[in-house]
Amino acid sequence: EKDIIKIAAVDRVNDSNKCFTGLVSGFGMKQGAIATSTSWDTGDITVMGVMETDMALAVNRIKDIKGGVVVCSEGKVIAEFPMPILGILSDLPMEEIAEKTYEVNQAANGLGIIFNDPILSLATMTSAAIPFLKMCEEGLFNLKDGKTLGLFIT
372 EKDIIKIAAV DRVNDSNKCF TGLVSGFGMK QGAIATSTSW DTGDITVMGV METDMALAVN
432 RIKDIKGGVV VCSEGKVIAE FPMPILGILS DLPMEEIAEK TYEVNQAANG LGIIFNDPIL
492 SLATMTSAAI PFLKMCEEGL FNLKDGKTLG LFIT
């Protein structure tokens, strides 16, 4: 088993519809998709998944709820955590925030994701704190030389 799935960064701030799709491994995901608008260091929606239809559903649902985290499988939303304040903050009481975080992480783990905090694992894929390359809607950004690269690096 190769454990390779799609990951995409979708611009949600500039109405440009820019999107970069790449590949990632090591998450253990077997089905569905997870998307978040809480991506570090960018205003993008970051989504990863096995099925493109579930990825599209997750991204569109995030747009509908004005931000947050959405988990989809087999064409259905199975968990969501709305964050309508700038797409990164919730207006829910703290107890409900804890519940929603737990529900979304459990749903993501149910898709096969092996990490204890799938939301954080996905959100940090765009971070400059990740050594060398980060995801953005323009492509893979090389932190060492400041150049944006495509999917295939030669």
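In the working numbering, the protein residues as written are 372 to 525. Where a beta carbon is used, it is the ideal one built from N, C-alpha and C, also for glycine.
Residue i - DSSP class collapsed to helix/strand/coil
i    : result
T525 : Confidence at T525 is low in this model, with a pLDDT of 45, below 50, so the placement of that residue is unreliable and no value is reported for it.
G439 : strand
D382 : strand
P489 : helix
A494 : helix
K447 : strand
A469 : helix
According to DSSP, residues forming a beta bridge with residue i
i    : result
D415 : D382
V395 : I376
K515 : According to DSSP, K515 bridges with nothing at all.
L460 : I456
T407 : T417 and V440
Distance between beta carbons of residue j and residue i, contact taken as under 8 angstroms
i    : j    : result
I405 : G393 : With a Cβ gap of about 15 angstroms, I405 and G393 do not count as contacting.
E437 : P464 : Reading off the sequence shown, one finds Lys at residue 437, where the question assumed Glu. Contact flag wrong, Cβ pair sits at about 18 angstroms.
D374 : G399 : 6 angstroms
R383 : G439 : With 8 angstroms as the limit, R383 and G439 do not qualify as a contact, their Cβ atoms being about 12 angstroms apart.
V441 : V381 : Going by Cβ atoms, the distance from V441 to V381 rounds to 13 angstroms, so no, they are not a contact pair.
K377 : M426 : 7 angstroms
G517 : K401 : With 8 angstroms as the limit, G517 and K401 do not qualify as a contact, their Cβ atoms being about 36 angstroms apart.
T497 : D415 : 6 angstroms
*Report yes or no: do three or more beta-carbon pairs, one from the region 480–497 and one from the region 409–420, lie closer than 8 angstroms?*
The answer is yes - the region 409–420 touches the region 480–497, with three or more Cβ pairs under 8 angstroms.
*asked:* For the structure I just gave you, are there three or more beta carbon pairs, one from the region 443–459 and one from the region 472–485, closer than 8 angstroms?
replied: Verdict: yes, contact present.
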